[in-house]
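Written below as structure tokens is the structure these notes are about.
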Amino acid sequence: MKLFAPVFVVVFSFCFDLNSIIPPNLDISNLFLGNIISIALTYGSPVGGIFLALLLGYYIYTFNKNKIFNIKGIYISKEIVFNIAPYVGYQVCNLVNMPIYIQYKLLINRVFTKYTIASVNIEESDSHCISPQIQTLSSPTELDTMILILEDTYEIKNNQIEDQISKINSNNRIWIKISRYDGTKIRKYDLRFINAIRQVIAQYAANTTLHIFATTNPKNNKGIFEQCFASLERDNIKQIYVYEQNKDGERIFDKKYRVF
């Protein structure tokens, strides 16, 4: 920023007639960079304004290039914020404290070049993943829908998902629950949990629409993507929907988002 400021002042002075833009009685101590750019675009040369915009954009892009987006793990629920971030230089994104459906969408669509898990402690699990619970509502050869319940940090009860499941219009579906929930509510990275998910995805998910209800932590989500969804185009999964859990009351899964 220290280098950019004098460059900006010099270029601006060459592009615009400051005496004709700034009134004599104006207190320029209150004139911030945004005000200057606004005045420049309103009263000055269009070419000069475009040049300044490009210069500012280049500076912002290079300034952010080696930084991690949302390094402090602030909760952000607006998807557009993450979609804009790469255009202003961010190449690495911290997955902590964002809705699970946004984590899936960012990972699957490769919005950022790299993803990290910062500002939170996630332990390595020393427990054994519970064997997947599978309910098949049709012959596996006729499947067109797969419902996947991933119980990780928090328990998922039937009353939290039954309303949304009742809206899934398919008689040829399989219902699978995979759990490593141990009651502690401590975030843990569990490779056995991820491998169990990979196995059922490989066995049942081809040519289906996948519906995911999850309480998975960011590190497990990253592992699930890398092990299960990194080659979606080759795996012939038609669509993927991830359901968001309401934070109030009984924490019902009440919103549905398409992530692929």
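When you read off a place in the sequence shown, starting at 1, and then add 9, the result is the number in my numbering.
Glycine included, C-beta positions come from ideal geometry on N, C-alpha and C.
Values in this document were obtained by computation on a predicted structure and should not be read as measured data.
C-beta neighbour in chain C for residue i, strict 8 Å
i: residue 172; result: Judged by its chain identifiers, the structure shown contains no chain C, having just a single protein chain.
Residue i to residue j span [Cα, whole Å]
i: residue 79; j: residue 180; result: 42 Å
i: residue 84; j: residue 111; result: 12 Å
i: residue 238; j: residue 266; result: 17 Å
i: residue 109; j: residue 191; result: 20 Å
With 16 other Cβ atoms within 10 Å as the buried cut-off, status of residue i
i: residue 90; result: exposed
i: residue 67; result: exposed
i: residue 103; result: buried
i: residue 248; result: exposed
i: residue 199; result: buried
i: residue 217; result: buried
i: residue 126; result: buried
i: residue 161; result: buried
i: residue 119; result: exposed
i: residue 93; result: exposed
i: residue 62; result: exposed
i: residue 229; result: buried
i: residue 12; result: For residue 12, the predicted structure reports a pLDDT of 45, less than 50, and the residue's modelled location is therefore unreliable. The matter cannot be settled from this model.
i: residue 206; result: buried
Cβ neighbours of residue i in the same chain (closer than 8 Å, five flanking residues each side left out)
i: residue 215; result: 244, 245 and 246
Neighbourhood of residue i by C-beta, 7 Å cutoff - its chain only, sequence neighbours within 5 removed
i: residue 73; result: 97, 98 and 99
i: residue 195; result: 132
i: residue 70; result: 97 and 98
Cβ shell of residue i (< 6 Å), same chain only, five flanking positions each side left out
i: residue 262; result: 169, 170, 173, 222, 252 and 254
i: residue 114; result: 268
Presumed contact (8 Å Cβ cut-off) between residue i and residue j, rounded CB distance
i: residue 105; j: residue 121; result: At roughly 14 Å, the Cβ-Cβ gap does not stay under 8 Å, so residue 105 and residue 121 are not in contact.
i: residue 189; j: residue 240; result: Going by Cβ atoms, the distance from residue 189 to residue 240 rounds to 24 Å, so no, they are not a contact pair.
Residue i CB to nearest heavy atom of the ligand COA below 7 Å
i: residue 241; result: You won't find the ligand COA in this model; it holds no ligand whatsoever.
Please go through the region 195-243 and give each complete beta strand (DSSP E) segment of 3 or more residues, from N-terminal end onward. 218-223
Contiguous beta strand (DSSP E) assignments of at least 3 residues, all confined to the region 100-142: 101-103 and 123-125
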